[in-house]
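The structure under discussion appears below in the form of structure tokens.
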Amino acid sequence: MIDTFDPIIHADLNFTEVLCTHFLNMIDSPRNPLLQKQLERNAGFLTTIPILHNLFVSRNDILDMQWVEKNASATGNIKWDGIVFVVGNKTVTPIFVELSGGISFNSTDKKEIDDEKKLVEQFIKLLKIQKAEGVEMPCQYYVRYFDMILYFESLTYFDDYYVKRTHFAVSCPSTCSKLIEFVSKIP
1 MIDTFDPIIH ADLNFTEVLC THFLNMIDSP RNPLLQKQLE RNAGFLTTIP ILHNLFVSRN
61 DILDMQWVEK NASATGNIKW DGIVFVVGNK TVTPIFVELS GGISFNSTDK KEIDDEKKLV
121 EQFIKLLKIQ KAEGVEMPCQ YYVRYFDMIL YFESLTYFDD YYVKRTHFAV SCPSTCSKLI
181 EFVSKIP
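In the UniProt record's numbering, the protein residues as written are 1 to 187.
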């Protein structure tokens with residue numbers, strides 16, 4: 001029997017191949033940009049955006065990723081580094097993305113704390129609205145980039161408490177040994 005390759009079923013293989021090539025090209029370049037000072041947005045284009053786009057590419061019929069200074073109707077005039085909308089309904093925003101500093105640039109504890117505070121304050125407002133609208137256990141997912149690490153997190157309104165959870169964190173590889181470690185974490 002001949003096995004057929006289905007890019008949707010085998011999305012993990014595609015994810016691994018594409019990102020390994022992406023990071024290996026930078027690692028192997030004459031002046032590895034992942035080891036150089038990079039501003040926040042450039043760091044996002046080198047790390048966060050390729051990872052998230054490839055992670056969700058097999059679901060781009062459902063999820064629409066938008067980048068750099070984007071607004072969501074649910075958060076008013078707040079500008080986000082990235083927003084994941086539901087295709088066909090821009091009022092539904094299952095994921096927000098925040099870049100906190102670059103690579104060896106503005107990656108201070110204060111920057112991380114200030115950006116996370118901004119996130120949590122906005123999400124508390126959203127969760128209160130969802131609760132008032134009858135959602136039993138409102139939850140907002142988000143991804144934070146800080147100091148070459150992506151944090152996949154959520155804030156849930158449970159009873160009268162807000163529960164912040166880090167589902168997992170992954171380091172963006174900047175060397176061959178870190179790339180091997182990155183790949184070992186892909187299921």
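The beta carbon of each residue, even a glycine, is placed where N, CA and C say it ideally should be.
Predicted model only: the values in this text are computed from it and were never measured.
- The DSSP assignment places complete alpha helix (DSSP H) segments of no fewer than 4 residues inside the segment 16-53 at 40-46, in order along the chain.
- Bounds of the alpha helix (DSSP H) holding S177 are C176 to S184.
- Distances from the alpha-carbon of F96 to those of D159, Y145, R59 and D6 put Y145 closest.
- For F105, DSSP assigns no beta-bridge partner whatsoever.
- Between the segment 18-25 and the segment 169-179 there are three or more C-beta pairs closer than 8 Å, enough to call the two in contact.
- Contact between A169 and Y151 is confirmed by a C-beta separation of about 5 Å, below the 8 Å threshold.
- Contact annotation: the segment 102-109 touches the segment 37-47, with at least three C-beta pairs closer than 8 Å.
- Fewer than three Cβ pairs drawn from the segment 43-63 and the segment 108-115 lie within less than 8 Å of each other, which leaves the two stretches out of contact.
- Using a 10 angstroms sphere on the CB of E133, the tally of other CB atoms stays under 16, which defines it as exposed.
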